[in-house]
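One structure is given below, encoded as structure tokens.
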Amino acid sequence: MTKFRPCIDLHNGSVKQIVGGSLSADGHGLLTNFESDQPAAYYAELYQKDQLRGGHVIKLGPGNDEAAREALAAYPGGLQVGGGIHLENAAEWLQAGASHVIVTSWLFDAQGHFLPERLGQLVAELGRERLVLDLSCREQDRGWVVAMNRWQTPTDLNVDSASIQELANYCDEFLVHAADVEGKCEGVDARLVEFLGQHSPIPVTYAGGANAFEDLETVNRLSAGRVDLTIGSALDLFGGSQIRYTDCVNWNRGT
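For the record, in the sequence shown the residue sitting at position 70 is 70 according to full-length UniProt numbering, with numbers rising by one throughout.
See below:
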């Protein structure tokens, strides 16, 4: 059954909800849907109280390490962490309390060429059971393409059946933001959800576009219960009006 997975998105040390496609290195053109007056640890403590596991803390650029560490310390073993993760710091984030580290950009060179040897190094260092691969993607003429550098740079790695099957041998889960709809609250990418449900042999969490509580049932139906859903900007917890956090908690409890 599809589960609701919580999130803590960090930008400049604050919990924010951002339109994914607007996130650039210099901050120009950034579209922010919500900025919290609560620290990251507040959300981590809430998720722990409500027994929500497997959520992700994403550091969107620099200036977020302290807030991320505070969240992980507030809910040790209950959250994954991503953003700027590489071979030299991955173990430190696990020691800080993350259940898994989430990796994308470090697996590519500056031109977006996939470097499988780096993935092998991470698995040797951490074990595949502590690793989540972020296959957040944009749709191009050749299909879905992994996007790195805050979802701005397309890579040469397609998100297709062959790549999903192969990469599943090197990680515990996938995280897939549909970057084209992330933060827009215009509905989930049904084709991508269905594809992930059909082809991923390991757990996968989808994020992007959710705008109604019924999206949990939609994702459950499209993926035959094999894809979990993260909800951000539409959630009342993050200033949204379309989806109540308590309803999502009760969905996970089966009530």
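No residue lacks a Cβ here, since even glycine has one placed at the ideal position from N, Cα and C.
Between which two residues does the alpha helix (DSSP H) holding residue 73 run? 65–74
Using the Cα positions of residue 202 and residue 129, report the straight-line distance between them to the nearest angstrom. 11 Å
Could you give the C-beta distance for residue 74 and residue 44, rounded to a whole number, given that I count them as a contact under 8 Å? 4 Å
Using the C-alpha atoms, what's the distance from residue 245 back to residue 6? 9 Å
Rounded to whole angstroms, what's the CA-CA distance from residue 207 to residue 229? Just pull it up for me. Between the alpha carbons of residue 207 and residue 229 lies a gap of roughly 6 Å.
Quick check: what's the CA-CA separation for residue 90 versus residue 161? 28 Å
Is residue 156 near residue 145, with beta carbons less than 9 Å apart? yes
If we count the other Cβ atoms within 10 Å of its Cβ and call it buried at 16 or more, is residue 17 buried or exposed? buried
Closest Cα partner of residue 212 within the set 198, 242, 194: With distances taken between Cα atoms, residue 212 lies closest to 242.
Mind checking which residues open and close the alpha helix (DSSP H) that includes residue 257? For residue 257 there is no data in the structure shown, the boundaries of the chain being 1 and 255.
Assumed close pair residue 101, residue 81 - CB separation to whole angstroms, cut-off 8 Å: Contact holds; Cβ gap of about 6 Å.
Expected contact under 8 Å - CB spacing of residue 179 and residue 210 to nearest Å: Actually they do not touch by this definition, with Cβ atoms about 14 Å apart.
Quick check on the DSSP output: the beta strand (DSSP E) that includes residue 137 runs from which residue to which? DSSP places residue 137 in the uninterrupted beta strand (DSSP E) bounded by 137–140.
Would you check if the distance between the CB atom of residue 10 and the CB atom of residue 67 is smaller than 9 Å? It is a contact, given that the beta carbons lie within the stated cut-off.
Residue 120: first and last residue of the uninterrupted alpha helix (DSSP H) it sits in: 116–126
Would you report the Cα separation of residue 137 and residue 37, rounded to the nearest angstrom? 30 Å
Do residue 197 and residue 224 have their C-beta atoms closer together than 9 Å? yes
According to DSSP, residue 108 sits in a beta bridge with which residue or residues? 114
Per the DSSP calculation, residue 9 is bridged to which residue(s)? Residue 9 is bridged to 58.
Distance, residue 70 Cα to residue 107 Cα: 26 Å
Contact under 9 Å by Cβ, residue 170 with residue 119: yes
To the nearest angstrom, how far is the alpha carbon of residue 39 from that of residue 63? 14 Å
Tell me the rounded alpha-carbon separation between residue 24 and residue 151. Caution is warranted here: a pLDDT of 47 is assigned to residue 24, below 50, making its placement in the model unreliable, and the coordinate value is therefore given only provisionally. So the alpha carbons of these two residues sit roughly 8 Å apart.
Using the beta-carbon count (16 or more within 10 Å), is residue 217 buried or exposed? exposed
Residues of its chain near residue 205, where Cβ-Cβ distance is below 8 Å and the 5 sequence neighbours each way are ignored: 5, 54, 56, 173, 174, 175, 176, 227, 228, 229, 230
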